[in-house]
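Input: a single structure, listed below in structure tokens.
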Ligand code: F3S
């Protein structure tokens, strides 16, 4: 870089899943080691690193919009685009939007590409941004990448490849480093984190990994939430006997109808899904269970949709993310006729969202009168171990502290819980 009078500011922006967040945090740390100030919001900057997602058409659109926003905010700044959209259609992105592209296979070199690009620009002497605080309270740790399940609708295996789990000692050493830096919560992430270790022949498994992290680090909180119903075993759930494990499980349902689940090539039936929920609720009292559902998968009938609603009524998720089905190139579902008309897809999605919202409200109202351990990311806001947004009634110096909060009310608009710290 041309001996700047101030540190270069890099906006490292993330779309998509927690795995992407882990990889952006890693790149941001590398940039900081090389003297850059990093921010995690779209603002003026000397360079941009944009980590994209391609899970749906909407994700693609969001990525293009974010790239254009960056170019508008700082027209001279180089924009480096990485992530799943860059992997899937990097040539088009480079051509249409005049950006530099780094595919997923080379993602670990993305920070270096930013540094190279910064060498070619002269930094204006403008005021500097204040560094972002993300990654200081919660660290996203990548434990594996890739997915061997190849569900019919999912593009992820095509942009992330086969499963590759990191060895336990490597994850433990990264975890220790982050805990020493003051991070209070480790979030274990991956493309298919529930399948951790199944590609290794050294006995590694999710349970072994969590046991090692609990025994060999002082992490105050560990979050391991994205799991498939078939990964729920008594051995795994035994890890939650340690109070440092966050009581939140994200089990993607996708559909409550067995014929649809079979066509999606999911590896469980609706009944097996409900059994997994029951196992969690017995082993981890008070756990919150959240889910993803696809509305309008090819061939979905009114009866299939009703089966999803009925399952939602029985399980009552703490939160539900609903996605109208979006056909993705190269997936096997893209060969099926996309036969649920868009207005019906939207109507079904809206119905599922409304029901999900009602259950979320009920679940959160039921927390009133209880005390929750909250990790504060600002002086008055944080997340409980059950992944609920909590606001302290009074602002005070609380950043990066885990404090018990007595929940007194629910804000019906924001769905935030409001309470007093002990
Ligand atoms: Fe999206 Fe890639 Fe994650 S497609 S959901 S960013 S693995």
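Residue numbers (the working numbering): 21 to 442. Note that CB positions come from ideal geometry on N, CA and C, so glycine has one too. Every value quoted in this text rests on a predicted model; they were computed, and no experiment measured them.
Under the DSSP definition of a beta bridge, residue 265 partners with 242.
Listed in chain order, the beta strand (DSSP E) runs fully inside the region 394 to 442 are 401 to 404, 409 to 412, 422 to 430, 437 to 441, counting runs of at least 3 residues. If you look at residue 344, you'll find it in the beta strand (DSSP E) that goes 339 to 344. Assignment of residue 158 by DSSP, reduced to helix, strand and coil, places it in the strand class. Each of 36, 37, 40, 73, 74, 75, 104, 176 has a C-beta closer than 5 Å to some heavy atom of ligand 1; these make up the full list, in chain order. Judged by DSSP secondary structure, residue 236 falls within the alpha helix (DSSP H) whose first and last residues are 226 to 236. For residue 252, no pairing in a beta bridge is given by DSSP. A distance below 8 Å between beta-carbons, with the five flanking residues on each side excluded, links residue 94 to the following residues of its chain, in chain order: 64, 65, 66, 68.
Counting other Cβ atoms within 10 Å of its Cβ, residue 304 reaches 16 or more and is therefore classed as buried. For residue 331, the enclosing alpha helix (DSSP H) has its first and last residue at 322 to 335. Nearest to residue 440 by alpha-carbon distance, out of 406, 394, 181, 398, is 394.
Residue 50 and residue 115 have their alpha carbons spaced roughly 28 Å apart. Annotated as proximal: residue 391 and residue 426, with beta-carbon spacing under 7 Å. Contact between residue 184 and residue 167 does not hold, since their C-beta atoms are separated by about 10 Å, which reaches or exceeds 8 Å. Per DSSP, the unbroken beta strand (DSSP E) holding residue 71 starts and ends at 67 to 72. Partner residues in the beta bridge of residue 205, as assigned by DSSP, are 158, 241. Counting C-beta atoms within 10 angstroms of its own C-beta, residue 170 has fewer than 16 neighbours from the protein chains shown and is therefore classed as exposed. Straight across, the Cα-Cα distance linking residue 48 with residue 109 is about 24 Å. Under the three-state reduction of DSSP output, residue 212 falls in the coil class, being neither helix nor strand. Around the Cβ of residue 389, a 10 Å sphere holds fewer than 16 other Cβ atoms; the residue is exposed.
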